[in-house]
Amino acid sequence: MAIRVIVDSTVDLGREVIEECIVIPLTVCFGDKEYKDGIDLSKDAFYTLLAEEKELPRTSQATPAVFAQTFEAVTNQGDEAIVLTVSAKLSGTYQSACIAAADYDNIRVVDTRNVAIGSGILAKLAIERIQDGKSLDEVVEIVEANRNKVNLIALLDTLTYLQKGGRISKTAALAGTVLNVKPVVCIKDGEIELLGKARGSKKANNFLNDEVSKSGVDYTMPILLGYSGHSDAMLQTYIEDSRSLWADRVAQLECVQIGTVVGTHAGPGAVAVAYFGG
2 MAIRVIVDST VDLGREVIEE CIVIPLTVCF GDKEYKDGID LSKDAFYTLL
52 AEEKELPRTS QATPAVFAQT FEAVTNQGDE AIVLTVSAKL SGTYQSACIA
102 AADYDNIRVV DTRNVAIGSG ILAKLAIERI QDGKSLDEVV EIVEANRNKV
152 NLIALLDTLT YLQKGGRISK TAALAGTVLN VKPVVCIKDG EIELLGKARG
202 SKKANNFLND EVSKSGVDYT MPILLGYSGH SDAMLQTYIE DSRSLWADRV
252 AQLECVQIGT VVGTHAGPGA VAVAYFGG
């Protein structure tokens, strides 16, 4: 009997790791066109549409029926599964998974209280503990004990998408653009919140570094860096500016492209760091 890791498509992971998971796609809607996230809409295609469309896309949660179909397949193979979903405060996906899991004793659902690479490092932690030979109950206990230690901090390159999403006014967006203001956001209590602002990319990178240093990093646990858009150029600049944080502590920094939920509000050019607090 194997323990499978099931995630929804908002959970961002590297290609090799995601291949070890079963991914449940959310639905992404641009206007009247619907796409299955990660199936008929790649991350690159998503960012192309995000730049072309006037209105921001909408995401629809995975339904209980979709989860039930996957749970049935896992059960028929004689396996168990831990299901890791986007924060319940950001999507109804967690509730859908819980409804479907009510009929299965071999399925456990966990609200990561996070999103994107923040949820991703919890999935990596689950996979590592499964490989260590832990039982399903033990893996669930470990993930739940560590989810509130996850820090996800993101530096945005533009205010345009926050304004489109109604999070800031047009006036604030215009003023911020003129002054080259870079907002820094985080996940707090399962929701996206503004952490602070800095003028210019260099000061913004320093602000991000200060926030990471302040909370401390547990270097024995999974760490993920993320970028939004087609290019990771901004992320590579950040890595160079933050070398003192990672040098001699992390053998290799894993970098992944951020998907739909954070990408919708951040737009291209965002840089994100997810780690467990020390």
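In my numbering, the protein residues as written are 2 to 279.
Each residue gets a CB set at the ideal place from its N, CA and C atoms; glycine is no exception.
Beta bridge pairing from DSSP links Glu192 with Lys189. Judged by DSSP secondary structure, Ala52 falls within the alpha helix (DSSP H) whose first and last residues are 44 to 53. Pairing Ala103 with Leu123, the inter-Cα distance amounts to about 23 Å. Unbroken alpha helix (DSSP H) runs of no fewer than 4 residues, entirely contained in the segment 82 to 123, are found at 94 to 102, following chain order. In this structure, the alpha-carbon of Thr221 lies about 15 Å from that of Asn152.
For Tyr239, there is no enclosing beta strand (DSSP E); the enclosing alpha helix (DSSP H) covers residues 234 to 242. In the pairwise beta carbon analysis, the segment 120 to 135 is classified as not touching the segment 236 to 246: fewer than three pairs are separated by under 8 Å. Put simply, of Val263, Arg250, Met235 the residue whose alpha carbon is nearest the alpha carbon of Val272 is Met235. Between Leu42 and Val29, the gap from beta carbon to beta carbon is short of 9 Å. With fewer than 16 other CB atoms across the displayed protein chains lying within 10 angstroms of its CB, Asp106 is exposed. Between the alpha carbons of Val116 and Ser92 lies a gap of roughly 10 Å. For Glu142, the uninterrupted alpha helix (DSSP H) run begins and ends at 137 to 147, by DSSP.
The segment 78 to 85 and the segment 35 to 50 do not touch, with fewer than three beta-carbon pairs separated by less than 8 Å. Of the residues Leu225, Asp219, Asp45, the one whose Cα lies closest to the Cα of Asn147 is Asp219.
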